[in-house]
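J.: In the numbering used here, the protein residues as written are 885 to 1218.
Glycine included, each C-beta is placed from N, C-alpha and C at the ideal position.
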Amino acid sequence: MSVKRRFLVGTAAVLVAGGGGLAIGALPNGSPNVVHTADAVDPAGLYNSAQKKFAARDVTGGLTDITSMLALTANDPDALALQAIWGDQQSDAATRDRALQKLTTVRITAANSIRGLIEGVNQAAAIVPSTTPVSAPAGSAIVILGYGLRPNGSMAPELVNRLEAGLAQAQVSPETPVFVTGGVPKKGVTEAAAMKKWLIGKGLSASRITTEDKSTSTISNAQNTTELLRARGISQIVLVTSPNHIRRGAADFAGAGTKVAATVTTATDLSRYAKPLTGAGIAGIRYEATQAAKIPVTKGVADMLPDTGPGIIGDIADRLIKELMSNGSSKPTK
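#1: May I ask you to report which of helix, strand or coil DSSP gives V1181?
#2: For T1016, tell me which candidate among T988, A1054 and R991 has the shortest Cα-Cα distance.
#3: If you drop the 5 nearest sequence neighbours on each side, which residues of the same chain put their C-beta closer than 6 Å to that of S933?
#4: Determine the burial state of P1035: buried for a count of at least 16 other Cβ atoms within 10 Å of its Cβ, exposed for fewer.
#5: Grab the span of the alpha helix (DSSP H) containing I1118 for me, first residue to last.
#6: Does the beta-carbon of T1125 have 16 or more other beta-carbons within 10 angstroms, so that it is buried, or is it exposed?
#7: Where I1026 and I1011 are concerned, what is the direct C-alpha to C-alpha distance, given to the nearest angstrom?
#8: So who's on the other strand from T1060, going by DSSP bridges?
#9: Who are the near neighbours of A1052 in its chain, counting only those whose CB is closer than 7 Å to its CB and skipping five residues on each side?
#10: Tell me the residue span of the alpha helix (DSSP H) that contains A940.
#11: Quick check on the DSSP output: the beta strand (DSSP E) that includes K1143 runs from which residue to which?
#12: Roughly how many angstroms lie between the CA atoms of R991 and L930, to the nearest whole one?
#13: Can you tell me the Cα-Cα spacing of I1084 and A1078, whole angstroms?
#14: In the DSSP assignment, find the unbroken beta strand (DSSP E) run with T1095 in it and report its ends.
#15: Let me know the beta strand (DSSP E) ranges lying completely inside the stretch 953-1020, each 3 residues or longer, listed in chain order.
#16: Measure the beta-carbon distance from L1029 to N1128 and round it to whole angstroms, keeping in mind my assumption that it falls under 8 Å.
#17: Name the DSSP beta bridge partners of L1029, please?
#18: Per DSSP, K1070 forms a beta bridge with which residues?
#19: Over what stretch of residues does the alpha helix (DSSP H) that includes Y1157 continue unbroken?
#20: At the level of alpha carbons, what is the spacing between A1090 and E1111?
#21: Go ahead and pull the three-state DSSP assignment for T1100.
#22: Using the three-state DSSP reduction, which class does T1125 fall into: helix, strand or coil?
#23: By the three-class DSSP mapping on this structure, what secondary structure does R1170 have?
#24: Would you mind working out which of A1076, T1095, G946 and P961 sits nearest D1187, comparing C-alpha positions?
#25: Given this structure, state the Cα-to-Cα distance separating L964 from S1155, to the nearest angstrom.
#26: DSSP three-state call for S1038: helix, strand or coil?
#27: Can you give me the Cβ contacts of D972 inside the same chain, cut-off strictly under 6 Å, excluding the 5 residues immediately before and after it?
#28: Beta-carbon separation of I1121 and F1063 under 9 Å?
#29: Excluding the 5 residues flanking G1193 on each side, which residues of the same chain have their C-beta closer than 7 Å to its C-beta?
#30: Look at the Cβ atom of G1037, then the Cβ atom of K1071, and state whether they are nearer than 9 Å.
#31: Considering only C-alpha positions, which residue in the set T1060, V1068 and L987 is nearest to E1096?
#32: What did DSSP end up calling T948 once you bin it into helix, strand or coil?
#33: Give the straight-line distance between the Cα atoms of L1123 and S975, rounded to the nearest whole angstrom.
#34: T1094 and R1116: beta carbons closer than 9 Å?
#35: Hey, K1143 and G1050 are a contact pair by Cβ (cut 8 Å); roughly how many whole angstroms apart?
#36: Might you give, ordered along the chain, the residues of its own chain that have their beta carbon closer than 6 Å to the beta carbon of T1182, omitting 5 neighbours on each side?
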């Protein structure tokens, strides 16, 4: 018998016992009916299938798989989060709100984060790029996103454009700290280091600038910078980047847990991005926001271990599951 088959059979027995029905030993490992059900019941497989469909923008199919999974594992926080996020994509307020309500009872901090993600993605989709500096909210920061350096370590013209837009914003908000973000070194120079050097050369105080020099993508820009912001007690930002990047960047920061209070962009192709995103366009930045939120792209059997709760049944269940997993991994399959 395979590890997977043993685990699921054991879980089925635990669930029956926890519900006050048959004793744990009443569902023998040798029962062909139980084995058949175990092979058919695959919450991790349903989750993985859903995520593949969301990535391919098959939102309806993904939600169908998530609903089937939740019929088996009703308290999985990642599945509930995805149901809320993609229910919102479908303008299905009932599904979204029901999932958020359930998630609140399972893990309230996750529910609050997902509410922020959903709100942030919708706000990001509606952004109309503008080059005009804004009034930065009190307690916020200015975040300037990087752009790939040339092979010799020099800055590409569009990165200079982003810095000029960020500098203009910094001059309008002289008390607001500035964060520059980007890794991927060329000739030993990271994007963030080159950006800081440029800003200092334009008169900005070095003490005002924080560098995030480990990220390799917009997602990691958002995740890593959010950690630095939280260390300073900052939860909202003015985001500076290019018009073709601003909505994705804002969605990623929302996913990472940082509120984008306002945005400023370069003038590059400004009119081309004047129309807010709709439909599949929103789905694209929504999917990336789920990655920024670190919602797993895939799950395995080990990720689906049930929460058996406290008390004697939970203790017995935990021991039984561990024994089943151990036996399954040490004995050859037949």
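T.: The relevant details are as follows:
#1: coil
#2: A1054
#3: D949
#4: exposed
#5: Here I1118 belongs to no alpha helix (DSSP H), and DSSP marks it neither H nor E.
#6: buried
#7: 17 Å
#8: None, per the DSSP bridge assignment.
#9: P1017
#10: Premise fails: A940 is in no alpha helix (DSSP H) and is neither H nor E.
#11: K1143 to T1149
#12: 21 Å
#13: 10 Å
#14: I1093 to E1096
#15: none
#16: Rounded, the Cβ-Cβ distance is 12 Å, inconsistent with contact.
#17: T1065
#18: V1073
#19: Premise fails: Y1157 is in no alpha helix (DSSP H) and is neither H nor E.
#20: 20 Å
#21: coil
#22: strand
#23: helix
#24: P961
#25: 38 Å
#26: coil
#27: R980 and I1002
#28: yes
#29: With a pLDDT of 41 at G1193, under the threshold of 50, the predicted position of this residue should be treated as unreliable, and no value is reported.
#30: yes
#31: V1068
#32: helix
#33: 27 Å
#34: yes
#35: About 18 Å separates the two Cβ atoms, so there is no contact after all.
#36: N932
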